[in-house]
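Under full-length UniProt numbering, the first residue of the sequence shown carries the number 1, and numbering increases by one thereafter.
Heads up: the structure comes next, in structure tokens.
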Amino acid sequence: MGHLAWADAFVITADSISMLSEAGSTGKPVYVIGTEHCKWKFSAFHKTLRERGVVRPFTGLEDISNSWSYPPLNDAIEVATRVREVIAERGWTVG
Numbered sequence: 001m002g003h004l005a006w007a008d009a010f011v012i013t014a015d016s017i018s019m020l021s022e023a024g025s026t027g028k029p030v031y032v033i034g035t036e037h038c039k040w041k042f043s044a045f046h047k048t049l050r051e052r053g054v055v056r057p058f059t060g061l062e063d064i065s066n067s068w069s070y071p072p073l074n075d076a077i078e079v080a081t082r083v084r085e086v087i088a089e090r091g092w093t094v095g
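Have a look at this one:
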């Protein structure tokens, strides 16, 4: 993630799911181009990022110097939390 640390903001095409995920882990503004052309399988992903305040649509009229922030994405923590929940639902314990 070294090169991402130098950026102030990101402009990423909607089809680049991995780059959106990586940029979202920085807490820096992420603008997305082309979500209106995305296939259905990516729609939920984009909706979730918008709802969490990670991304905004890029129109070309933005003043990218006006930044915003959000809690950086951290899938490892979210996955670990969900795994613990499922284990607990089954009556198991984690040592």
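The beta carbon of each residue, even a glycine, is placed where N, CA and C say it ideally should be.
Asked, Found
"Cα-Cα separation, D8 to E78", "26 angstroms"
"Selection from S67, F42, W6, H37 that minimises the alpha carbon distance to L20", "F42"
"Residue ranges of each alpha helix (DSSP H) within the stretch 21-57, 4 or longer", "40-51"
"Member of R82, T93, D75, G95 whose CA lies at the smallest distance from the CA of S18", "D75"
"Distance, V55 Cα to A44 Cα", "13 angstroms"
"heavy atom of the ligand COA below 8 angstroms from H37 C-beta", "Ligands are entirely absent from the displayed structure, and the ligand COA is therefore not among its contents."
"Beta-carbon spacing of P72, G2 below 9 angstroms", "no"
"Limits of the beta strand (DSSP E) - the one that I86 falls within", "This sequence places Val at residue 86; Ile is not what is there. Element bounds for V86: not the beta strand (DSSP E) but the alpha helix (DSSP H), 75-89."
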